[in-house]
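**Q** Here the protein sequences come in this chain order: A and B.
Counted from 1, the first sequence has number 122 at position 122 by the numbering used here; the numbering is strictly sequential.
Counted from 1, the second sequence has number 1130 at position 130 by the numbering used here; the numbering is strictly sequential.
Backbone N, C-alpha and C define an ideal beta-carbon position, used for all residues, glycine too.
A quick note: this is a predicted structure, and the numbers were derived from the prediction, not measured.
2 protein chains.
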Amino acid sequence: MNNILSKVVFDVKESTYVKDPQTSELGNRILESSIDLINEIGFDSFTFRKLAQSIKSVEASIYRYFESKHKLLLYLTTWYWSFTEYRLEFTLANVEAPDDRLKRAIHLLTSEIEEGFSGLNIDVIKLSSIVIIESSKAYLTKDVDQENEAGIFLGYKHLVERVGEIVLEINPEFKYPNMLISTVIEGAHNQRFFAEHLPRLTNQVKGEDAICEFYQKMVFKTITK
Amino acid sequence: MNNILSKVVFDVKESTYVKDPQTSELGNRILESSIDLINEIGFDSFTFRKLAQSIKSVEASIYRYFESKHKLLLYLTTWYWSFTEYRLEFTLANVEAPDDRLKRAIHLLTSEIEEGFSGLNIDVIKLSSIVIIESSKAYLTKDVDQENEAGIFLGYKHLVERVGEIVLEINPEFKYPNMLISTVIEGAHNQRFFAEHLPRLTNQVKGEDAICEFYQKMVFKTITK
DNA sequence: CAATAATAATAGTATTACTATCAATAATCA
DNA sequence: TGATTATTGATAGTAATACTATTATTATTG
């Protein structure tokens, strides 16, 4: 499982920060508090000034870690994709049957994170809320090509391709594995948001996880010859 | 087809503007130029100052039409959904078989607009590019609940439900018609963006319209018992 | 103990997202 | 036609944002 924390993934994140926030106390406070604050007020209203106040520091100090709030969002999302791939490897370990592997992968990508992960300074439950609402803003910009060249989206692409490969194990002739998986990932985010804010756009019912069930069925029916 | 231009739809847009831009020359220039400008520089870099310069007017005059650039984006997207529903009615007219109806609807929702529409002051091809890149920013905000209550997203919801009903004609037991259709609409936007900027997230090939084909197959396989 | 690195404190700039005021012009209606 | 009213333009101004720069203070390490 060490290959997940390999140099490539690490490199991805490097281009999102000026100084690695995980290496200092202030840096870790920046991460923790930014996750809280973005959750509270939303990324659009989030500013480095407000963040500085909440950690009792100053703007200038935050800029030593991140060039801009956009870069911070990139950091958080790429961290999340790394983390998701890590969980994926765990979920797939020792599971041989491609059908089971895919089923587990789709479940991972579409269900809500409920358990916190101890030993992490990052609150993954809160972070996953941020990813649902804000992650598309990380790439829906005019800088996307430049940032893509810098390797920032490698983690996300890798995750999609990883699950896409399982699809191909089941049906090697299926022409659109990545399209299917990225549709599932982004779709599940959208549907969670819709369930909470625009319920007429979805069919999620409180209590049960229709989103998970829907995408499971959608994937398996779609890839079956 | 008049019901599409009914009071409800009109009301939706009312809450997005201060003064109806379609009723004056300046208003129309605002619409035309904002579409050009957002296409050129992206919504994030787009400001009313830049827009004012491009139409040789001043910021204050634009504020007489739209409260903020966010409201202008809401106007453009709701206009687009109205327009899409109008095209949908046309596409479905005199087509009886539910399968054909759904096929045509999905094609409309996932294919690229290629023909301009004469008689419109709004460039729908450019507008559809904006919708692909920027429309999710219209609802991924902290104001979404308030704006939803004001009826701003009625057009989008109506469109989703309209196509969802066709799904139910084909399979009345299908539990997730709206989830499926909103997945298709948002998915098709994402995939077009990915094809251009993050191609490893998709499987679109230059030339052919894999996106359209993929979602057609996905929909019909998913709803089949 | 000295050197170095990290942070805090303060200040400052350009841009953004507005609001307010008033003059100039165009449309309309009596 | 002339008076009224609505619309736009010109100008100014404010608070907030997104930074950059400088210098003092504190903590770390060699």
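Quick check: the Cα distance between I166 (chain A) and V219 (chain A), rounded to an integer number of angstroms?
**A** Rounded to whole angstroms, I166 (chain A) to V219 (chain A) spans 12 Å at the Cα level.
**Q** Are the CB atoms of F174 (chain A) and I223 (chain A) within a distance shorter than 8 Å?
**A** Against a cut-off of 8 Å, the Cβ pair of F174 (chain A) and I223 (chain A) comes out as a contact.
**Q** Under 8 Å Cβ-Cβ, which residues of chain A neighbour L1140 (chain B)?
**A** By Cβ distance, chain A contributes I133, E134, S136, K137 and F193.
**Q** Pick helix, strand or coil for D1099 (chain B), following the three-state DSSP scheme.
**A** Three-state result, D1099 (chain B): helix.
**Q** Alpha carbon to alpha carbon, what distance is there between E85 (chain A) and N3 (chain A)?
**A** Residue placement at N3 (chain A) is poorly supported in this model, since its pLDDT is 43, which falls under 50; the coordinates still yield a value, given next. Those two C-alpha atoms are separated by around 11 Å.
**Q** Please look up how many angstroms separate the CB atoms of R141 (chain A) and T78 (chain A), rounded, as I've assumed it's under 8 Å.
**A** A quick correction: the sequence has Thr, not Arg, at residue 141 (chain A). Not a contact, Cβ separation roughly 15 Å.
**Q** Considering just the uninterrupted stretch of the alpha helix (DSSP H) at G1119 (chain B), what are its terminal residues?
**A** Element bounds for G1119 (chain B): n/a, residue is neither H nor E.
**Q** Quick check on the DSSP output: what are the complete alpha helix (DSSP H) runs of length 4 or more inside the segment 131-167 of chain A, in order along the chain?
**A** The segment 131-167 of chain A contains these whole alpha helix (DSSP H) runs: 144-149.
**Q** Please list the residues of the segment 1150-1173 of chain B that have a C-beta atom closer than 8 Å to any C-beta atom in chain A, keeping them in chain order.
**A** The segment 1150-1173 of chain B vs chain A, Cβ under 8 Å: F1153, Y1156, K1157, V1160 and E1161.
**Q** Which of helix, strand or coil does DSSP assign to S1057 (chain B)?
**A** Coil.
**Q** Are the segment 190-209 of chain A and the segment 1195-1207 of chain B touching by the rule of at least three beta carbon pairs closer than 8 Å?
**A** Short answer: they don't touch.
**Q** If the cut is a Cβ gap below 8 Å, which residues of chain A does I1041 (chain B) touch?
**A** Within 8 Å Cβ-Cβ: K142.
**Q** 8 Å is my cut-off, CB to CB: does F1046 (chain B) come that close to chain A?
**A** Chain A, which has no Cβ nearer than 8 Å to the Cβ of F1046 (chain B), makes this no.
**Q** By the 10 Å Cβ neighbour count, where 16 or more other Cβ atoms means buried, how is L180 (chain A) classified, buried or exposed?
**A** L180 (chain A) comes out buried.
**Q** Quick one: list the residues of chain B neighbouring E186 (chain A), beta-carbon separation under 8 Å, in chain order.
**A** Here the neighbours are E1186, G1187 and N1190.
**Q** Select from the segment 1069-1102 of chain B all residues with a C-beta closer than 7 Å to any C-beta belonging to chain A, and list them in chain order.
**A** Answer set for the segment 1069-1102 of chain B: empty.
**Q** Return the chain-ordered list of same chain residues with a C-beta closer than 7 Å to the C-beta of I132 (chain A), the five sequence neighbours on each side being excluded.
**A** Cβ within range, chain order: H189, R192 and F193.
**Q** Once DSSP output is grouped into helix, strand and coil, what is the label at T1110 (chain B)?
**A** Residue state, collapsed to three classes: helix.
**Q** Would you kindly work out how many angstroms separate the C-alpha atoms of L1102 (chain B) and V1163 (chain B), rounded to a whole number?
**A** Whole-angstrom Cα-Cα distance: 7 Å.
**Q** Between the segment 1197-1209 of chain B and chain A, which residues of the former have CB atoms less than 8 Å from a CB of the latter, in chain order?
**A** Within the segment 1197-1209 of chain B, the qualifying residues are H1197, L1198, R1200, L1201, T1202, N1203 and Q1204.
**Q** Under a Cβ-count criterion, where at least 16 other Cβ atoms within 10 Å of its own Cβ denotes burial, should K157 (chain A) be classed as buried or exposed?
**A** K157 (chain A) comes out buried.
**Q** For P1021 (chain B), count neighbouring Cβ atoms within 10 angstroms of its own Cβ and tell me buried if that reaches 16, exposed if not.
**A** It counts as buried.
**Q** Taking the alpha carbon of V1144 (chain B) as the reference point, which residue from B:T1047, B:L1074 and B:E1115 has its own alpha carbon closest?
**A** It is B:L1074 whose Cα lies nearest to the Cα of V1144 (chain B).
**Q** Between the alpha carbons of R1049 (chain B) and Q1146 (chain B), how many angstroms are there, rounded?
**A** Going by the C-alpha atoms only, they are around 27 Å apart.
**Q** Would you report the Cα separation of Y1176 (chain B) and V1184 (chain B), rounded to the nearest angstrom?
**A** Distance between the alpha carbons of Y1176 (chain B) and V1184 (chain B): 12 Å.
**Q** As a quick exercise: from A:L168, A:T110, A:L72 and A:L31, pick the residue whose alpha carbon is nearest that of K225 (chain A).
**A** Nearest of A:L168, A:T110, A:L72 and A:L31 to K225 (chain A), Cα basis: A:L168.
**Q** Could you give the distance in angstroms between the alpha-carbon of S1182 (chain B) and the alpha-carbon of V1160 (chain B)?
**A** Approximately 6 Å between the Cα atoms of the pair.
**Q** From I1062 (chain B) to L1026 (chain B), what does the alpha carbon distance come to, in whole angstroms?
**A** So the alpha carbons of these two residues sit roughly 9 Å apart.
**Q** Is the shortest distance between the beta-carbon of F1066 (chain B) and the beta-carbons of chain A less than 8 Å?
**A** Not closer than 8 Å to any Cβ of chain A, the Cβ of F1066 (chain B) fails to qualify, so no.
**Q** Please state the DSSP three-state secondary structure of E1014 (chain B).
**A** E1014 (chain B): helix per DSSP, three-state reduction.
**Q** Let me confirm a value: I1211 (chain B) is counted as buried when at least 16 other C-beta atoms fall within 10 Å, else exposed. Which label applies?
**A** The residue in question, I1211 (chain B), is buried, as its Cβ has 16 or more Cβ neighbours within 10 Å.
**Q** Can you tell me where the alpha helix (DSSP H) holding P177 (chain A) begins and where it ends?
**A** Looking at the DSSP string, the run of the alpha helix (DSSP H) that includes P177 (chain A) is P177 to H197.
**Q** Would K50 (chain A) count as contacting chain B if we go by Cβ distances under 8 Å?
**A** No - not a single Cβ of chain B is within 8 Å of the one on K50 (chain A).
**Q** List the endpoints of the continuous alpha helix (DSSP H) containing L1201 (chain B).
**A** Where L1201 (chain B) is concerned, there is no enclosing alpha helix (DSSP H), given that its DSSP letter is neither H nor E.
**Q** Mapping the DSSP letters down to three states, classify E1040 (chain B) as helix, strand or coil.
**A** In the structure shown, E1040 (chain B) sits in a helix (DSSP, three-state: H, G or I).
**Q** Determine, for Y176 (chain A), whether the minimum Cβ-Cβ distance to residues of chain B falls below 8 Å.
**A** Yes, Y176 (chain A) counts as interfacial toward chain B.
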